[in-house]
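Q:
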Amino acid sequence: MTLVLNNIEENEKCTDFIVNIEATVDFMSVFCFSIRCINKDQFTSKKYEIKKLTSSYIIGCEIKWVFPGGLVMYAKKNKILMDCANIYFMVKYNIIPIMYTNLEILCKVKRSNGTIQTAAINPNDAIKYFSPSFQKKRIGLNLNFYQDDSSENEKYFRQDFRVIGDSNKFVSFVDHMKTNNIQILTIKLYSLDKTIYEEKLEAKNIHPGAKNTDKVTRNEKIINTINYYNELLKKWIYEELIIMFTSHNEYIPVEIYLDGACLFSNETFSY
Numbered sequence: 194m195t196l197v198l199n200n201i202e203e204n205e206k207c208t209d210f211i212v213n214i215e216a217t218v219d220f221m222s223v224f225c226f227s228i229r230c231i232n233k234d235q236f237t238s239k240k241y242e243i244k245k246l247t248s249s250y251i252i253g254c255e256i257k258w259v260f261p262g263g264l265v266m267y268a269k270k271n272k273i274l275m276d277c278a279n280i281y282f283m284v285k286y287n288i289i290p291i292m293y294t295n296l297e298i299l300c301k302v303k304r305s306n307g308t309i310q311t312a313a314i315n316p317n318d319a320i321k322y323f324s325p326s327f328q329k330k331r332i333g334l335n336l337n338f339y340q341d342d343s344s345e346n347e348k349y350f351r352q353d354f355r356v357i358g359d360s361n362k363f364v365s366f367v368d369h370m371k372t373n374n375i376q377i378l379t380i381k382l383y384s385l386d387k388t389i390y391e392e393k394l395e396a397k398n399i400h401p402g403a404k405n406t407d408k409v410t411r412n413e414k415i416i417n418t419i420n421y422y423n424e425l426l427k428k429w430i431y432e433e434l435i436i437m438f439t440s441h442n443e444y445i446p447v448e449i450y451l452d453g454a455c456l457f458s459n460e461t462f463s464y
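Heads up: the sequence shown is residues 194 to 464, going by our numbering.
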């Protein structure tokens, strides 16, 4: 799924950031693994002292890559580029990361033999909307469980808060809601904050559009990049996410928030 914003080619002040962010995600998508270069920011290809670097997993990446895939290394000062990458990944694959929802990690799964037992969702997994050639469009998620069920829930967790099991099952979200008595799915999304970069420009009494120094230009480029991904996020919500639930063949009660404001609730939607 691809959403295109009309202003990307026109806005040369942020295009290189966008290209690098999306190339990083796309590269991992093609080769299905992560590459970490020593002392290098993957978004800018610039080298830094190791103490100035950090790494984190793309949010929701376990829907696409098996651990430890999806790990990105970047300069601490470039965390905002990682935040942009998270939006791009979510939009590109039309997913809803578990951490943006009200779902509990520990849950129940209904086995093929009809028994219901303890299961768990990987915190960095996601709800997926897809259309297999052999069936109607589905919204679902992956559940992990043990064939030999046990009430010892602690065994589902590793130190890095990933869950494990000897079996995995993709279940429709409607079935998951019924099995776990979930009344409504709540999705809370947030725009990226550009305040700190605007303040840096104002501190120098320079308004966006000035080209006095490389540092100022960089801050301006970041502001424009943030604007781009915030617009992309909102466009995706209205053109893909909401439609995902209004066009689904089974009713899923859902409410979708952006920056604390409810943009959609199908309790108020007229079919």
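Note that beta-carbon positions come from the ideal geometry of N, C-alpha and C, so glycine has one too.
Three or more C-beta pairs closer than 8 angstroms, one from the segment 419-431 and one from the segment 380-388: is that the case here?
A: By the Cβ criterion, the segment 419-431 is in contact with the segment 380-388, since at least three pairs of Cβ atoms, one from each stretch, lie closer than 8 angstroms.
Q: What is the residue span of the beta strand (DSSP E) that Thr379 lies within?
A: 378-382
Q: When DSSP builds the beta bridges, which residues end up paired with Ser249?
A: Residue pairing from DSSP places Ser249 in a beta bridge opposite Val265.
Q: What are the boundary residues of the alpha helix (DSSP H) that includes Tyr286?
A: 272-286
Q: Let me know the secondary structure DSSP gives Tyr322 once reduced to three states.
A: strand
Q: Buried or exposed: Val284, going by 16 or more other Cβ atoms within 10 Å of its Cβ?
A: buried
Q: In the DSSP assignment, find the beta strand (DSSP E) that holds Thr311 and state where it starts and stops.
A: DSSP places Thr311 inside the beta strand (DSSP E), whose first and last residues are 309-313.
Q: Less than 8 angstroms between CB atoms is the rule here; does Phe210 satisfy it with respect to chain D?
A: Given the protein chain composition of this structure (a single chain), no chain D is represented.
Q: Would you mind sorting Leu296 into buried or exposed? The rule is 16 or more other CB atoms within 10 Å of its CB.
A: buried
Q: Closest to Thr379 by C-alpha separation, out of Glu215, Ala312, Thr372, Phe438, would be which residue?
A: Phe438
Q: Near Asn279, what residues of its chain come up, given a Cβ to Cβ distance below 7 angstroms and the 5 sequence neighbours on each side ignored?
A: Excluding sequence positions up to five before and after Asn279, its CB lies within less than 7 angstroms of the CB of Ile251, Ile252, all in the same chain and listed in chain order.
Q: Can you give the Cα-Cα distance for Cys254 and Asn317, rounded to whole angstroms?
A: 6 angstroms
Q: Check whether the segment 292-311 touches the segment 263-278, taking contact to mean three or more Cβ pairs, one atom from each stretch, closer than 8 angstroms.
A: no
Q: Suppose the cutoff is 7 angstroms on Cβ atoms and the five residues either side in sequence are ignored; what does the same chain contact list for Gln235 look like?
A: Thr217, Val265, Met266, Tyr267
Q: Please classify Lys257: is it buried, with 16 or more other beta-carbons within 10 angstroms of its beta-carbon, or exposed?
A: buried
Q: Which word fits Ile243, buried or exposed, when buried means at least 16 other C-beta atoms lie within 10 angstroms of its C-beta?
A: exposed
Q: Hey, out of Arg331, Glu215, Phe282, Asn361, whose CA is closest to Tyr339's CA?
A: For Tyr339, the closest alpha carbon among the candidates Arg331, Glu215, Phe282, Asn361 is that of Asn361.
Q: Expressed to the nearest angstrom, what Euclidean distance is found between the alpha-carbon atoms of Lys239 and Val259?
A: Straight-line Cα distance between these residues: approximately 27 angstroms.
Q: Let me know if Tyr281 comes out buried or exposed under the rule of 16 or more other beta-carbons within 10 Å of its beta-carbon.
A: buried
Q: Report the three-state DSSP secondary structure of Val447 (helix, strand or coil).
A: strand
Q: Could you tell me how far apart the beta carbons of Ile430 and Ile449 are, in whole angstroms, since I believe they sit closer than 8 angstroms?
A: 7 angstroms
Q: Does DSSP put Lys239 in a helix, in a strand, or in coil?
A: coil
Q: Using the C-alpha atoms, what's the distance from Ile377 back to Leu274?
A: 32 angstroms
Q: Can you name, in chain order, every residue of its own chain whose Cβ lies under 7 angstroms from the Cβ of Glu443, other than the five neighbours on each side?
A: Val367
Q: If you measure between the beta carbons of Ile298 and Ala313, is that distance less than 8 angstroms?
A: yes
Q: Should Cys277 go down as buried or exposed, given a rule of 16 or more other Cβ atoms within 10 Å for buried?
A: buried
Q: Please state the DSSP three-state secondary structure of Val163.
A: Given that the chain is displayed from residue 194 to residue 464, the structure contains no residue 163 and the question cannot be resolved.
Q: Please classify Thr459: is it buried, with 16 or more other beta-carbons within 10 angstroms of its beta-carbon, or exposed?
A: Strictly speaking, residue 459 in this sequence is Asn, with Thr absent from that position. Result: buried.
Q: Would you mind working out which of Leu434, Thr237, Val364 sits nearest Leu451, comparing C-alpha positions?
A: For the residues Leu434, Thr237, Val364, the minimum Cα distance to Leu451 belongs to Leu434.
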